[in-house]
Amino acid sequence: MNVELIEKARVRFPSVPVLVNVVSKRVRQLNMGERPLVKPLSADEDKADIALREIAEGLIMCEVDFAAIARAEQAQTRWSE
1 MNVELIEKAR VRFPSVPVLV NVVSKRVRQL NMGERPLVKP LSADEDKADI
51 ALREIAEGLI MCEVDFAAIA RAEQAQTRWS E
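First residue of the sequence shown: 1, per my numbering; consecutive thereafter.
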């Protein structure tokens, strides 16, 4: 993976775990035959680099359900008490 692309994508998704999940999901989609949203720079360009470029250019977004995260954290706290 290209470090420069990672930094550009982190501008869109500052949370590393979220970025990793979005990139991995997009790579799976590309591997299953979905067309890239950006023109590949070469025939053998890494799928992760394509996904990172898509994210950096603002073509890929995600929604985070903060209420679900809070509920999961509360449930975890109850179980650990």
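Virtual Cβ for every residue (Gly too), placed ideally from N, Cα, C.
- Runs of the alpha helix (DSSP H) lying entirely within the stretch 4-68, each at least 4 residues long, are 16-31 and 47-56 in chain order.
- Two segments are said to touch when three or more pairs of C-beta atoms, one from each, lie closer than 8 angstroms; by this definition the stretch 11-24 touches the stretch 54-72.
- Taking 9 angstroms as the cut-off, the beta carbon of K47 is found no closer than this to the beta carbon of V16.
- With 16 or more other Cβ atoms from the protein chains shown falling within 10 Å of its own Cβ, L5 counts as buried.
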